[in-house]
Structures are given as structure tokens and as C-alpha cells.
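**Student:** Let me give you the structure first, and then I'll get to my questions.
In full-length UniProt numbering, the protein residues as written are 1 to 83.
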């Protein structure tokens, strides 16, 4: 992932992963049969720190995502764009 722009959820509840505090998750997507997984890259010209929005969804980000809420781990097949 070095020298690449990627999409990151950065308002996750802190958790220890192999002894390191983690508060973010790099977004990846798979095909329907889960045989291919790729990082979700921002569109050309996207700026670091830009807010990601999903078509048809209006709202402000939670201060910290609740991992118990539906959809936190699976964003489904929605389209995303920069705001």
C-alpha cells in the first residue's frame, strides 16, 4: 500500500490488533463469489482527507462508529463519491 491513496474509515472504536492500537480500517471490496479482493481507491484528483459519501445517503459521520450497528462491517454494493 506504500505510495498509494486508499479509502479509510477513521472513526472506529479503538481496538488492539497484535498489540497495536487501531482506530481505522482500510476499505476493500470483493466480487460476488469472494475470489478477488481489491483495495477501494479514491477517484483521480481526490484530496487526502476528503469526506466519502454514498449516493442516496445523507448524514454526518458518527464521532465513533458502533460496531454493533447494522452495516458497519459490510457496506454492500452502494456507490461512493467524494463530497
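Backbone N, C-alpha and C define an ideal beta-carbon position, used for all residues, glycine too.
Predicted model, so just to flag it, every value in this text is computed and none were measured.
Please specify which runs of the beta strand (DSSP E), each continuous and at least 3 residues long, are wholly inside the UniProt domain "TRNA-binding" (1–53), giving them in chain order.
**Tutor:** 15–17, 20–22, 28–30, 37–39, all fully within the UniProt domain "TRNA-binding" (1–53).
**Student:** Taking only the alpha-carbon atoms, compute the straight-line gap between residue 34 and residue 63 and give it to the nearest angstrom.
**Tutor:** Reading the chain shown from its first residue, position 34 is the one you call residue 34. Reading the chain shown from its first residue, position 63 is the one you call residue 63. Residue 34 and residue 63: Cα-Cα distance of roughly 31 Å.
**Student:** Thinking C-beta only, is residue 42 closer than 8 Å to residue 11?
**Tutor:** What you label residue 11 is simply residue 11 of the chain shown in a count that begins at 1. What you label residue 42 is simply residue 42 of the chain shown in a count that begins at 1. The answer is no: Cβ separation not under 8 Å.
**Student:** Among 29, 65, 44, 30, whose alpha-carbon lies nearest the alpha-carbon of residue 4?
**Tutor:** Walking along the chain shown from the start, residue 4 turns up at place 4. Considering only alpha carbons, the answer is 44.
**Student:** Return the Cβ separation of residue 18 and residue 40 in integer angstroms, given the expectation that the two are a contact with Cβ distance under 8 Å.
**Tutor:** Residue mapping note: residue 18 aligns to position 18 of the chain shown, counting from 1. Residue mapping note: residue 40 aligns to position 40 of the chain shown, counting from 1. Not a contact, Cβ separation roughly 23 Å.
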